[in-house]
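Participant: Heads up: the first sequence at position 244 corresponds to 551 in this note's numbering, and the numbers run straight through without jumps. Built from N, CA and C at the ideal position, the CB exists for glycine as well. Computed from a predicted model, the values in this text were never measured in an experiment.
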Amino acid sequence: MKARLEEQLADALATLKTDGLVPSDVSPQITVTRTKDPTHGDFATNLAMQLAKPAGVKPRDMADALVAALPASESVREVTIAGPGFINFFASESTLSDVVRRVLDEGDAFGRSEVGKGQRIQVEFVSANPTGPLHVGHGRGAALGATIANLLSAAGFDVQREYYVNDAGRQMNILALSVWLRYLSAGTAADFAFPSNGYRGDYINDIAASLRETEGDAFERDPAAVFSGVVDDEVVAADGTTTGDKEAHVDALIERAQTALGDNAWRRVFDHGLEAIIEDIRVDLGEFGVNYDEWFSERSIASDVEQVVERLASAGHLYEKDGSRWFRSTAFGDDKDRVVVRDDGRTTYFASDIAYIDNKLARGFEQVLYVFGADHHGYVTRMKAACEALGHDPQRLEFLLIQFAILYRSGERVQMSTRSGSFVTLRELREEVGTDAARWFYVMRRYQQHLDFDLDLAKSRSNENPVYYVQYAHARICSVLRELGHRNLAFEQDAGLAALDQLVEPAEAELLTLLATWPELLERAAIAREPHQVTGYLRDLANGLHSYYNGHKFLVDDDALRQARLCLLLAVRQVLVNGLTLIDVSTPEVM
RNA sequence: GCGCCCGUAGCUCAGUUGGAUAGAGCACCUGGCUUCGAACCAGGUGGUCGGAGGUUCGAGUCCUUCCGGGCGCGCCA
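#1: Between the alpha carbons of I337 and L316, how many angstroms are there, rounded?
#2: For P437, which residues from the same chain have a beta carbon less than 8 Å from its beta carbon, with the 5 sequence-adjacent residues on both sides left out?
#3: Does the distance from the CB of V841 to the CB of I890 come in under 8 Å?
#4: Closest to H793 by C-alpha separation, out of G741, L862, Y626 and I455, would be which residue?
#5: Among Y686, L733, I388 and A310, whose alpha-carbon lies nearest the alpha-carbon of M369?
#6: Within the continuous alpha helix (DSSP H) that includes F577, where are the two ends?
#7: Looking only at C-alpha atoms, which of G623, S492, G536 and L484 sits nearest to D578?
#8: Taking the alpha helix (DSSP H) that D368 belongs to, which residues open and close that run?
#9: Have a look at the DSSP bridge pairing and note the partners of T338.
#10: Kindly confirm or deny that the segment 880-896 and the segment 437-457 touch, where touching means at least three C-beta pairs closer than 8 Å.
#11: If contacts are defined as beta-carbon pairs under 8 Å, then G392 and A355 qualify, I think. What distance do you get, rounded to the angstrom?
#12: Reducing DSSP to helix, strand and coil, say where F396 ends up.
#13: Quick one: grab the DSSP three-state call for E673.
#14: May I have a chain-ordered list of the beta strand (DSSP E) segments no shorter than 3 residues that lie completely inside the segment 472-511?
#15: Within 10 angstroms of its Cβ, does E469 collect 16 or more other Cβ (buried), or is it exposed?
#16: Please report the straight-line C-alpha distance between R720 and E605, rounded to a whole angstrom.
#17: To which residues does DSSP link E719 through a beta bridge?
#18: Compare the Cα-Cα distances from A620 to each of A525, W602, A379 and V647 and report the closest residue.
#19: With K628 as the anchor, note down where its alpha helix (DSSP H) starts and where it stops.
#20: Is DSSP giving F432 helix, strand or coil here?
#21: So which of P345, S404, P366 and Q710 has the shortest CA-CA distance to A805?
#22: Please report the distance separating the alpha-carbon of P701 from that of T654.
#23: State the CB to CB distance for the pair Q710 and Q755, rounded to an integer number of angstroms; the pair is presumed to be in contact (CB under 8 Å).
#24: Counting only runs of 4+ residues fully inside the segment 430-469, write out the alpha helix (DSSP H) ranges in chain order.
#25: Let's see if you can read the secondary structure: which residues bound the alpha helix (DSSP H) around D801?
#26: For R384, report the span of its beta strand (DSSP E) as first-last.
#27: What are the boundary residues of the alpha helix (DSSP H) that S854 is part of?
#28: Among residues of its own chain, excluding the 5 on either side of R311, which ones have a beta-carbon nearer than 8 Å to its beta-carbon?
#29: Counting C-beta neighbours from all protein chains within 10 Å, is the total for D349 16 or more, i.e. buried, or is it exposed?
#30: Going by CA-CA distance only, name the one from K343, A321 and F672 that's closest to P335.
#31: Ends of the beta strand (DSSP E) at S631?
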């Protein structure tokens with residue numbers, strides 16, 4: 308409809324040009340938008356206002372001329388000129404109600420489109436270090452990433468969902484050490500101080516226990532030998548002074564552990580810890596409705612890092628300073644250059660990132676989305692710089708910086724401290740408020756906006772909770788259909804579709820317009836990567852339904868009217884389902 | 001100091017490439033269930049869109065600047 312109006316306006320404009328009313332070199336953007344106010348019709352354009360100045364004519368006169376040049380159309384009931392020079396289009400009733408037929412025909416596919424043209428796009432999200440369970444901060448990235456992937460898929464993109472597993476590096480060594488030390492203490496009740504920089508959560512004990520189950524006491528070593536002579540751990544005295552070095556302490560212990568166990572055994576401890584945590588994360592996310600096509604291992608591209616570094620070197624983007632090799636990212640707008648190879652020859656984390664970028668693009672993704680926490684925004688420039696230096700178009704990388712979620716309970720901010728061990732895990736959140744509410748709340752705000760997550764509100768089974776409000780609309784429709792059966796009445800879709808012209812109430816017109824808007828909204832939300840537009844829309848649609856419900860009977864005596872209204876209800880229910888499915892919120896028939 | 005994000009009703013937030021009278025939820029006030037589910041609906045109170053300039057037919061939206069808040073500015077991961 309919109310596109311048709313735009314074509315007709317383009318024709319009208321061409322006519323005015325040949326008539327000499329509009330200079331031929333003027334070619335404004337012709338846009339037709341939906342109106343907010345029903346008194347302005349269904350669609351509007353500002354074309355006359357754009358043309359008025361170059362043509363030297365008053366906007367309203369220009370509008371008159373445009374309207375006169377428009378062809379008659381069956382789908383348009385009336386065209387008016389309003390305000391400073393808007394042209395308003397009123398859709399004919401049959402055009403409005405026709406959407407019901409489309410919704411029922413297309414079903415689950417209603418709203419899906421092909422604007423993505425099958426373009427291959429990767430969405431990488433969460434990618435939390437596998438050193439412990441996910442916490443509530445990861446939850447927002449998970450919900451947003453999953454929903455954005457769903458939106459893109461619905462908009463016709465070929466989407467791949469990926470989790471980047473940081474299974475290399477010092478943090479993983481600390482994890483392996485932590486597991487092994489718990490394993491030791493569990494086996495021998497050996498008395499030694501657990502390093503202050505180790506991972507202390509209960510889950511480490513569980514992993515250690517399962518390690519003992521599968522490996523027996525094969526990894527037992529004498530703790531005294533491991534600890535003897537290592538740098539002292541950090542100790543904070545009562546007066547606040549500190550002694551020792553927790554970083555050096557834990558690094559020394561890692562070396563001792565590797566020596567004591569030997570490479571093979573160390574590797575098995577390491578992998579046991581890694582796999583246990585990855586599995587935990589996988590299950591956790593799965594229960595949250597978040598699934599991946601690929602769990603991509605950082606280790607798997609370790610051997611590519613050197614090659615990528617050499618490529619940068621031969622392209623002239625590297626230089627040596629202080630024994631290290633630097634990437635000249637300032638040449639691409641970064642505010643400082645970045646080290647890629649340390650003076651001891653080891654590559655940096657950033658070097659791995661570059662190899663990963665190259666790997667992604669080599670896999671054929673035309674567009675690559677990184678869903679990052681807002682604290683990562685500093686990486687954006689250097690990542691794009693590296694992308695460009697490798698000879699790729701940096702526009703193919705896209706970074707969504709997700710602002711933090713702050714939990715509130717009883718009006719008080721919930722403190723999340725990893726150190727104190729009192730942080731809230733995603734699993735605990737799901738158990739407390741339920742998956743539906745968690746998914747909804749995480750995506751209901753723009754991702755650029757901090758999220759105040761009110762635990763009490765998310766939990767409440769009351770009118771204050773927006774999740775229930777929308778689900779209730781769905782359940783209500785189901786309830787009407789059940790009642791239909793109780794009264795021994797039948798639903799006849801063809802009869803209803805034939806009687807759609809009976810839907811003339813304002814509440815019905817509003818619902819019809821909302822239904823017709825869904826495909827446009829879905830497309831916009833996908834292109835903008837903004838799931839919150841969907842929750843906002845669903846709220847409006849539910850509101851339209853509730854309002855309709857309170858004002859009108861559906862199971863009326865008039866057969867044609869009853870069938871028509873039931874068709875409308877089914878169409879509304881279908882779109883509620885389509886929308887809620889995108890954000891992975893359930894659609895209960897009874898509540 | 002530099003960079004990114006944010007600032008809209010008492011609170012939490014929408015506001016579609018710049019459009020018509022700035023919207024919604026919560027809170028507060030009023031009204032609506034003998035008839036398909038009141039987890040609902042209808043109406044009302046409430047705004048210098050952080051401040052000041054600028055761009056234009058038109059600015060919450062774009063530009064400049066200032067103020068306020070969050071985050072980041074490692075050869076860490």
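Facilitator: Considering the structure as presented:
#1: Between I337 and L316, the C-alpha separation is close to 7 Å.
#2: Only V472, N473, D474, M479, L482, L581, I584, I585 and I588 meet the Cβ criterion.
#3: Their beta carbons are under 8 Å apart, which means V841 touches I890 by this criterion.
#4: Nearest C-alpha to H793: L862.
#5: Closest option to M369, Cα to Cα, is I388.
#6: F577 -> alpha helix (DSSP H) spans K553 to E594.
#7: It is L484 whose Cα lies nearest to the Cα of D578.
#8: Going by DSSP, D368 is part of the alpha helix (DSSP H) stretching over P366 to A376.
#9: In the DSSP assignment, T338 forms no beta bridge with any residue.
#10: Under the Cβ criterion (8 Å, minimum of three pairs), the segment 880-896 counts as touching the segment 437-457.
#11: About 4 Å separates the beta carbon of G392 from that of A355, a gap short enough to meet the 8 Å contact definition.
#12: Three-state result, F396: strand.
#13: Coil.
#14: Counting only runs of at least 3 residues, the segment 472-511 fully encloses no beta strand (DSSP E) element at all.
#15: So E469 counts as buried.
#16: Looking at the two C-alpha atoms, the distance is approximately 36 Å.
#17: Note: E719 is bridge-paired with R716 in the DSSP secondary-structure output.
#18: Looking at the Cα atoms, V647 is the closest of the given residues.
#19: Run containing K628: none in the alpha helix (DSSP H); it sits in the beta strand (DSSP E), L625 to K628.
#20: It is coil, neither helix nor strand.
#21: Distance from the Cα of A805 is smallest, within the candidate group P345, S404, P366 and Q710, for S404.
#22: In this structure, the alpha-carbon of P701 lies about 23 Å from that of T654.
#23: Indeed, because the Cβ distance is near 6 Å, the residues count as touching under 8 Å.
#24: Those alpha helix (DSSP H) runs which fall completely within the segment 430-469 and span 4+ residues are 443-461.
#25: For D801, the enclosing alpha helix (DSSP H) stretches over residues Q800 to A805.
#26: R384 -> beta strand (DSSP E) spans V383 to A389.
#27: Residues H839 to G858.
#28: Only S380 and S382 meet the Cβ criterion.
#29: D349 is buried by the Cβ-count criterion.
#30: Taking P335 as reference, the option from K343, A321 and F672 with the minimal CA-CA separation is A321.
#31: Boundaries of the beta strand (DSSP E) harbouring S631: S631 to F634, taken from the DSSP string.
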